[in-house]
Amino acid sequence: MHDINKGIILVHDSSRGFSKFLKSHYSNKFTIEVHKKKKELVSNQFDGYSFGFINICAYDDLIYVKFIESKVKFVFIVSAKKEFNEIKFDSKKVCFLDSFNLKSDIIKQINIQIKLMEVNSTISSF
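Note that our numbering gives residue 30 to position 30 of the sequence shown, counting from 1, and the numbers run on in steps of one.
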């Protein structure tokens, strides 16, 4: 059951490590739904998400970037593998998080982007 006052975050994290990090920092502000398996992402029940996170651990995870991007307003992508940090998307809806930065820097980057989304949402509602 979702808390109506909280935004909802969609997280695809087959390794489960990044989703734990997100829960420890954002579970008080957002409802966090974690999908670890590919078959969980195939369903059409993805409505009402504020934004999404994708932890790219393997090439298979790349398949879900466009799918999740189509279901959310904004997508954060992170990977602990340098080869995936080189991938570029032609979208203003995608933000790459550098997993080789300090966790505090990652949190700052996420918070800045969340604030920008909130400001843009407020402006577009006028």
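Backbone N, C-alpha and C fix where the C-beta goes; we use that ideal spot for every residue, glycine too.
Under 8 Å between C-beta atoms of residue i and residue j
i	j	result
F76	F100	no
H25	Y64	no
K71	L10	yes
Alpha-carbon spacing of residue i relative to residue j, whole angstroms
i	j	result
S56	K66	At residue 56 the sequence reads Ile, which differs from the Ser that was named. Looking at the two C-alpha atoms, the distance is approximately 13 Å.
K81	S14	14 Å
N120	L22	23 Å
I54	V78	6 Å
Q113	D98	14 Å
G17	L102	15 Å
K88	C95	10 Å
Residue range of the alpha helix (DSSP H) that includes residue i
i	result
I68	Y59 to K71
First and last residue of the uninterrupted beta strand (DSSP E) at residue i
i	result
G48	First-last for G48: undefined, no H or E at that position.
L97	V94 to D98
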